[in-house]
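Encoded as structure tokens, the structure appears first; notes follow it.
In the numbering used here, the protein residues as written are 47 to 147.
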């Protein structure tokens, strides 16, 4: 999960800074499934939110979920997405396991 506040002046730059740190950390952690969460939608009107999402999503090809943690908007969608990703990872890991007698 990568949580970014919509209050950021440059959402993409904020995202790229953290992605760079993750790449530098190593261990191929930067290849893991990523969900981007844009938070604080309660502070903006719908047009501003949509503009920010459109500008950001045009530059980043990742799953994006918008939420307001304070107002509990989008939290169920976030939970559903986390379960989906977790379950898929479990299934993928089972496929990779080899049965040994």
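Yeah, the Cβ is synthetic: ideal placement off N, Cα and C, and Gly gets one too. Source: prediction; values computed, not measured.
- In terms of Cα proximity to residue 131, the closest of 66, 109, 93 is 109.
- Residue pairing by DSSP places residue 51 opposite 85 in a beta bridge.
- For the pair of segments examined, the stretch 59–66 was found not to touch the stretch 89–100: the number of CB pairs separated by less than 8 angstroms stays below three.
- For residue 93, there is no enclosing beta strand (DSSP E); the enclosing alpha helix (DSSP H) has its first and last residue at 92–103.
- Counting other Cβ atoms within 10 Å of its Cβ, residue 100 stays below 16 and is therefore classed as exposed.
- Apart from the 5 residues on each side of it in sequence, residue 82 sits with its Cβ closer than 6 angstroms to the Cβ of 48, 108, 110 in its chain, given in chain order.
- For residue 112, the enclosing beta strand (DSSP E) stretches over residues 109–112.
- Our two residues, residue 122 and residue 51, have alpha carbons roughly 18 angstroms apart in a direct line.
- Comparing alpha carbon positions, the residue from 113, 80, 105 closest to residue 124 is 113.
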